[in-house]
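Numbering (this note's numbering), first residue to last: 3 to 240.
Where a beta carbon is used, it is the ideal one built from N, C-alpha and C, also for glycine.
No experiment lies behind these values; they were computed from the predicted model shown.
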């Protein structure tokens, strides 16, 4: 009976025609190829676990986004009355700038800038929130609306794109639902907390807390970034 040969072993008296008939070369140990097999190396989470963490981060960032957006829609009216600017003009300006920022962010996402754009957009939103602390005149309030709206619009578009990119095809609908729910929770619960801060302290304290929340979103966006290269589940073209 012929025994199975180890990998790399030539049979005795082989017919390879190499001039070394009868010589047996030592068997080479099998080395697993990189990226093959079930293991992914020590200290590395498997792709499914990483995907779940990424989606959880998106939900957390959705809550932050809803908190800031809810404050803009509701608490800005109170700030306008206290400061003397027109809330309708401020909100209209915010809506137009946010719309343009959404479109611009979409173009950047298509060019593969989403991993860098999301933390930066949260940082811009935090800067706008912080500047509202000192927006004691109508001119300042209208100027800050541009910054705050630009950050919000870019964040919203990039978050939606990240959900589509990182959720498996069979769960993209559920992931989009979780994102929408987290934004709604931010509008409700987050704004309630900011309103309590306003009642207990002042507008600067409320906007300071809002800036801190937006900075937390920037941190989550940075930590959940995959870095350069294709996004999970969606290879980049071009």
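Assigned exposure category for residue 225 - 16 Cβ within 10 Å defines buried = exposed
Can you check whether the CB of residue 121 is closer than 9 Å to the CB of residue 220?
-> yes
Since residue 147 contacts residue 96 with CB under 8 Å, what's their CB separation in whole angstroms?
-> 5 Å
C-beta contact flag for residue 227 and residue 117 at 9 Å | yes
Are residue 154 and residue 71 closer than 9 Å when you measure CB to CB?
-> yes
Do residue 85 and residue 137 have their C-beta atoms within less than 9 Å of each other?
-> yes
Pair every Cβ in the stretch 189-197 with every Cβ in the stretch 100-115, then say whether three or more of these pairs are closer than 8 Å.
-> no
Exposure of residue 241, with buried meaning 16 or more beta-carbon neighbours within 10 Å | Past the boundaries of the shown model lies residue 241; the chain is included only from 3 to 240, so the question cannot be answered.
Among the residues of its own chain, which have a CB less than 8 Å from the CB of residue 99, if the five just before and after it don't count?
-> 147, 148, 151, 152, 155
Measure the CB-CB distance between residue 213 and residue 129 and report whether it falls below 9 Å.
-> yes
Following the continuous alpha helix (DSSP H) through residue 158, name the residue where it begins and the one where it ends.
-> 140-168
Going by alpha carbons, who is nearest to residue 208 out of 174, 62, 173, 134?
-> 134
Applying the criterion that 16 or more other CB atoms from any shown protein chain within 10 Å of the CB defines a buried residue, is residue 101 buried or exposed?
-> exposed
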